[in-house]
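So the structure is just underneath, and the comments pick up after that.
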Amino acid sequence: MPTRLFKWSFALLVVLAFISADSGDILYFWHKLIGYALLTLILWRVMWGFAGSTTARFSTFVTWPWRVVGYAVDLARGRKPRYLGHNPLGAWMVVAILAIILFQAVTGLLLFDDKFAEGPLYAHAPAPVQRFSLAWHNRLSAAMITLGVVHVAANVLYTFVRKEPLIQAMVTGRKPAAAYADAVETRGGSLGLAAALLAISAAIVWGGVYLAAGMGAFR
Amino acid sequence: MRIRIILASLAVIGCAGAVLAQTPSPVSQRQTLLKEMGAAAREPGLMLRNQQPFELAKVQAALRTFAQHAKTLPGLFPAGSFTGETAALPIIETQRAEFQSIFANLDRTATEAQTSITNEASFRTNFPTVAGNCGTCHRTYRRPQT
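Chains A and B supply the protein sequences, listed in that same order.
Per this note's numbering, the first sequence starts with residue 1, numbered consecutively.
Per this note's numbering, the second sequence starts with residue 220, numbered consecutively.
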């Protein structure tokens, strides 16, 4: 359940991040707050990836790149290996999305848009880092849109064409019993641990930006 | 006689060269003006974010700078000036009318704001309308900064 709550909150926040970036707010007030929230969730997800439920753990689904190729070849040949957790392609999509949003969040902390919007760590960063952050925060937003479209399309394809109920599984947390390639039994994660890790992430992110920039981080 | 004509010609050419070397190019002129607008925007931005007390005089000065430079800038983006040491994108040439309309909007809104902004409340309401023109232009017509 914590993983599913994370996933859907994360997706909603990414969409809101795009909307808030284009809303004409010269201070990017909501965009910054959404960025801090996304950074909190990413920190949580990374910790959860080591201590959470079986299917959420990186050790369960993150594989070497050649396994992804092998999986893709299997698909192309019409074999249908099924995975209880994330399949190898999906696994790398998870990693890619987390990585790109993490990069966006960090560059966001470090940039000033030459006008009115300044990240809380900007004043503490050397000039080349400031310039790099501004340039790449703008450039990578397009890449995230591409990833998002591919991600949604793939899941729609799997669920409705290949009849693998991925979207339902991400909502209910259940998949029908079958010969899965990755695991037979899974254990859920501890809700108490999830809550504690979330509190820790929030303290790090929101406390950190406050220490760096005071109330300016929230304006 | 011929020597004197040659020497006089060389002197004229030398002077002309010196004058041309002194005249700033459109690129460096526009960079100077745009940097001045950025500098003018700084303190009003801090005021909007409650990091500096509101001061009407500084806001009015910024608005005057915006309106003034918005009149000069459109003429500083001639064809062929979008390569080399500039962040201005070639799309300015193909979308010249839209590009110039942003400066016109900046001039108009900054001029109106000089009358309509009289206190902090009207500053918070009206200043973003003026300042939004900066991002509108940059989003399409400025190369991502590196």
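Ideal Cβ placement from N, Cα and C applies to all residues, glycine included.
This one's a predicted model, so the numbers in the text were calculated from it and none came from an experiment.
Residues of the stretch 326-343 of chain B with a C-beta atom less than 7 Å from some C-beta of chain A do not occur. Taken through DSSP and simplified to helix, strand or coil, A307 of chain B comes out as strand. Put simply, of A:M215, A:R219, A:R187 the residue whose alpha carbon is nearest the alpha carbon of T55 of chain A is A:R187.
Counted as a single uninterrupted DSSP element, the alpha helix (DSSP H) harbouring S20 of chain A occupies residues 2-21. In the DSSP assignment, W92 of chain A falls within the unbroken alpha helix (DSSP H) covering 88-110. Of all residues in the stretch 207-219 of chain A, only G214, M215, G216, R219 place a beta-carbon less than 9 Å from a beta-carbon of chain B.
Within the stretch 296-308 of chain B, contact with chain A at the beta-carbon level (separation under 7 Å) is assigned to no residue.
Excluding the 5 residues flanking it on each side, Q319 of chain B has same chain C-beta neighbours closer than 8 Å at P293, in chain order.
CA-CA distance, D113 of chain A to A260 of chain B, rounds to 12 Å. Taking a Cβ-Cβ cut-off of 8 Å, G108 of chain A has no neighbours in chain B, whose nearest Cβ is about 14 Å from it. At least 9 Å separates the beta-carbon of S201 of chain A from that of L13 of chain A. Within chain A, no C-beta atom comes less than 8 Å from the C-beta of C234 of chain B; the nearest is roughly 39 Å away. The three-state reading of DSSP puts Y28 of chain A in coil, since its state is none of H, G, I, E or B.
Put simply, the backbone Cα of R4 of chain A is about 6 Å away from that of M170 of chain A. With contacts defined as CB atoms closer than 9 Å, A142 of chain A and Y36 of chain A fail to qualify as a contacting pair. Under the three-state reduction of DSSP, Y83 of chain A is assigned to coil, being neither helix nor strand. Counting C-beta pairs with one atom in each stretch, the stretch 22-30 of chain A and the stretch 78-85 of chain A have fewer than three that are closer than 8 Å, which means they do not touch. In this structure, I26 of chain A and A350 of chain B form a Cβ contact; the two beta carbons are roughly 5 Å apart against a cut-off of 8 Å.
Taking 9 Å as the cut-off, the beta carbon of L41 of chain A is found no closer than this to the beta carbon of A96 of chain A.
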